[in-house]
Each structure stands twice: as C-alpha cells, then as structure tokens.
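Protein chains in written order, with numbering that gives the first Met the number 0: chain W, 0 to 113; chain R, 0 to 113.
Even for Gly, the Cβ is constructed at its ideal location relative to N, Cα and C.
Protein chains: 2
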Amino acid sequence: MSITSDLIRGHTDTIILASLINGDSYAYRINRGIYDATSGRYELKEATLYTAFKRLEESGCICSYWGDEETGARRRYYSITNRGRETYKKLINEWSEAKELIERLVIRDTADNG
Amino acid sequence: MSITSDLIRGHTDTIILASLINGDSYAYRINRGIYDATSGRYELKEATLYTAFKRLEESGCICSYWGDEETGARRRYYSITNRGRETYKKLINEWSEAKELIERLVIRDTADNG
DNA sequence: TGAAATACCTTGACAGACGAGGTATAATGT
DNA sequence: ACATTATACCTCGTCTGTCAAGGTATTTCA
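So this is what it looks like as structure tokens:
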C-alpha cells in the first residue's frame, strides 16, 4: 500500500457502490477487485471495509443476504438499491468537481495566489 | 461550500504548501486565495485552517513570524522551508497517483470487477 | 455608536480509517 | 496426520483531521 489513506478517504463508499453497479458481490471479493484494479497498489483494510458496508446498508444504499454456498466459508452478498444508484451518481459528480478544485489548488504557480 | 470536505481531506496541507511556494503569506489571506481560486466553491474552516498551520509548523514544513504592520490586525506570516518544498513535491506525486487510482475505481463498467 | 470586516486562537465533539484481535471453514503442503 | 495458508466474516478501541462554537482585538464604514 503506497497511497496515504487520507487521500482515498471519502471515496470508500463510491468505490464500493461502483463495484456493485454491475452486479451483486461480497465484501471480500470486492476488496480483491479493488486490489486487482489497482495492480496491487490499493486495497481497503478489513475494518474499513466492513464498517463501510454497514454504513451503506444503514443508509439504504445497499442490502444484503447470505449466499447459499454448500461449501467454503459463508458469504454475505450485497445488492445495490435504487437509492444506492442515485447516491453513486451524486458521488461521481462530487468527485468530478472535487478533482478539478484540488487540481487547481495544489498546483498554483501564478504570482498572486494569497 | 458545495463540496464535501471529506473529499478534500488529506489535501489541506498540500493546498497550504502550494500557496506558500510563491512567497510568504498569512492564514487569512491564504484562505481567501483558496476561495478566489475556486470561485467561491471552497474554503477552509477557520479551525481546520489554524490546526493545519500548527501541524505544518510542528513538522518543520513551514515557519512563522509576526508581521510588522503598524496598522490593522496583527498577522502571523508563514514561510515554506526546504523540508516543506520536499514534502510538497512528495504530496503532489501522491495526489497524482491517488487521482488515477480513484478514477479507475469509481468508474468501473467492465463485466468482471469483483 | 454600532455593525461588519479583518485576523488571530482554542476547546470539545464527531466521523472515518485502521491495528489488533476474534471466529469458522476449506485447501494445500509436508 | 498436521500445520499452514487462504477464504470470509466480524468487533473494539484508538488515532487523526475536520468543524461548530466559542473567544480576543483592531479597523473601517455607515
């Protein structure tokens, strides 16, 4: 893990919702997906992961059910709700704006910048 | 203020250091600069602002001195140190990487994403 | 005279991230 | 046979950054 978590902070929910947009999945697998998508450069800590799912379920963005695997460890599957999809869109827009603002703020080489 | 602070969280120090790269300034003016640079869409809360300056000074990234204004409110000026400049470069690189990773993670529309 | 702007600061609370610990099952290696 | 690793879930307590709310003091302007 090379990236400071504070930089990703605030995006955890968005990342999880993004993972669920294309279908139900379970926490452990989603985190593996994050790991893979970033070529191993980022993944959520387990404590962060499960508290995020709890938070998202409490706010009605996702709902969960136990998988019916006959073998292997039990899995709690999550499904994104309509509210979750709306929240996702909102979060994406916020990220888009935040990205521009940060870009503008962290690289300022004009003479008059306060 | 339309942007959730959590999205900017972790960038506060970078933003402040960026402001000081081009010359000494004081907290209130720097925050005004942030406000202007974002067309009023973002600014730091005062508590956040002064805590950040304290943190940066304690870590040796900036140092401070009182201005010699004969009139008006007293001003504490800040100057970026060599360590501060190095830290800034490091933070910029981290932001660059984080930006790519987040982009990759929040927009995932492939079939297999965990 | 009194409000607003400038400019500084602290305290306490809150939320998210995470280290450290726990449970249980299955697969793999020796 | 036995140990280790991987899968998969979870909680508790701590830490850190943000912020609401409060404060001080000066200057400007109506």
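**Residue from Lys89(W), Ile79(W), Tyr25(W), Val105(W) with nearest C-alpha to Glu68(W)** = Tyr25(W)
**Prompt:** On the three-pair Cβ rule with 8 Å, is the stretch 8–21 of chain W touching the stretch 101–110 of chain R?
**Reply:** yes
**Request:** Kindly identify the DSSP beta-bridge partner or partners of Tyr191(R).
**Result:** An answer regarding residue 191(R) cannot be provided, because it is not within the stretch 0 to 113 covered by chain R.
**Asked** Between the beta-carbon of Thr80(R) and the beta-carbon of Gly59(R), is there less than 8 Å?
**Response** yes
**Item:** Proximity of Ser95(W) and Tyr76(W) at Cβ, strictly below 8 Å
**Value:** no
**Asked** With which residues is Arg75(W) paired in a DSSP beta bridge?
**Response** Within the DSSP bridge table, the entry for Arg75(W) names Trp65(W) as partners.
**Request:** Check whether the Cβ of Asn112(W) lies closer than 8 Å to any Cβ atom in chain R.
**Result:** Model confidence at Asn112(W) stands at a pLDDT of 41, short of 50, so the residue's coordinates are unreliable; what they give is reported in the following sentence. Interface residue, yes.
**Request:** Name, please, each residue of chain W whose Cβ falls closer than 9 Å to the Cβ of Asp5(R).
**Result:** Arg8, Gly9, His10
**Item:** Where Lys98(W) meets chain R, residues with beta-carbon distance less than 7 Å
**Value:** By Cβ distance, chain R contributes Lys98.
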